[in-house]
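Accompanying notes for the structure given below.
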Amino acid sequence: MTIIWQTTHPIMKPIKNAWQMKAMDANRYATKKTIAQGMLDIALLTANASQLKYILQVGEQHQFYKLMLILISLSIVLQVLSGVLSLSLSLLRDCRLHQPEFHQSANVINHVRTGFAFFTTMINLFISAFDSRLPPPQGEFLNNLN
Numbered sequence: 001m002t003i004i005w006q007t008t009h010p011i012m013k014p015i016k017n018a019w020q021m022k023a024m025d026a027n028r029y030a031t032k033k034t035i036a037q038g039m040l041d042i043a044l045l046t047a048n049a050s051q052l053k054y055i056l057q058v059g060e061q062h063q064f065y066k067l068m069l070i071l072i073s074l075s076i077v078l079q080v081l082s083g084v085l086s087l088s089l090s091l092l093r094d095c096r097l098h099q100p101e102f103h104q105s106a107n108v109i110n111h112v113r114t115g116f117a118f119f120t121t122m123i124n125l126f127i128s129a130f131d132s133r134l135p136p137p138q139g140e141f142l143n144n145l146n
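Position 49, counted from 1, in the sequence shown is what full-length UniProt numbering calls 49; the numbers after and before it change by one each time, with no gaps.
This is how it looks when you write it as structure tokens:
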């Protein structure tokens, strides 16, 4: 009943589209995006720590022990460096980014951080490819049952 009153009230105009009802708040969107990205970064770091623990427990018995150890360690280092760059970019934005002479350094930091994120993603793709904890393909599993 309230909804009908709001749309038929003489002072209120009917709302044609949902986007007219509430304008998008850019700060709120950016905050949610930053929080979600931070949670994903923590999840990836936790997954890499778990993979490192597994590799260290299995040891030389793992088929790709040295490769996995190097890739996981490199991924963790890149994630930590990316976090440090994000923190420095945040501090730079809060303290000095209103000054034009710091815009170029902020862009460089942002591009380097993006590069670290890209290489971290690529490294984790290789880690997934060489991870032996994954279940065997469906055909091999069915052949082993016979």
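Ideal placement from N, C-alpha and C gives every residue a C-beta, glycine not left out.
In this structure, the straight-line span from the alpha carbon of F116 to that of I55 is close to 23 Å. Assignment of F64 by DSSP, reduced to helix, strand and coil, places it in the coil class. Taking Q79 as reference, the option from H103, F118 and T34 with the minimal CA-CA separation is F118.
Under the DSSP assignment, H111 falls in the alpha helix (DSSP H) whose first and last residues are H103 to F130. Exclusion of the five residues before and after S132 leaves H62, Q63 and F64 as the residues of its chain whose Cβ lies within less than 8 Å of its Cβ. Counting along the chain, D25 sits inside no alpha helix (DSSP H), nor does DSSP assign it H or E at all.
DSSP, reduced to helix, strand and coil, places Q99 outside both helices and strands of the structure shown, so it counts as coil.
Short of 8 Å from the beta carbon of L92, and not among the five residues preceding or following it, lie these beta carbons of its own chain, in chain order: F102, S105, A106 and I109.
A buried status is given to Q51, since no fewer than 16 other beta-carbon atoms sit within 10 Å of its beta-carbon.
For the options F130, I123 and S128, the alpha carbon positioned closest to that of L74 is the one of I123. Rounded to the nearest whole angstrom, the C-alpha separation of L67 and A49 is 16 Å.
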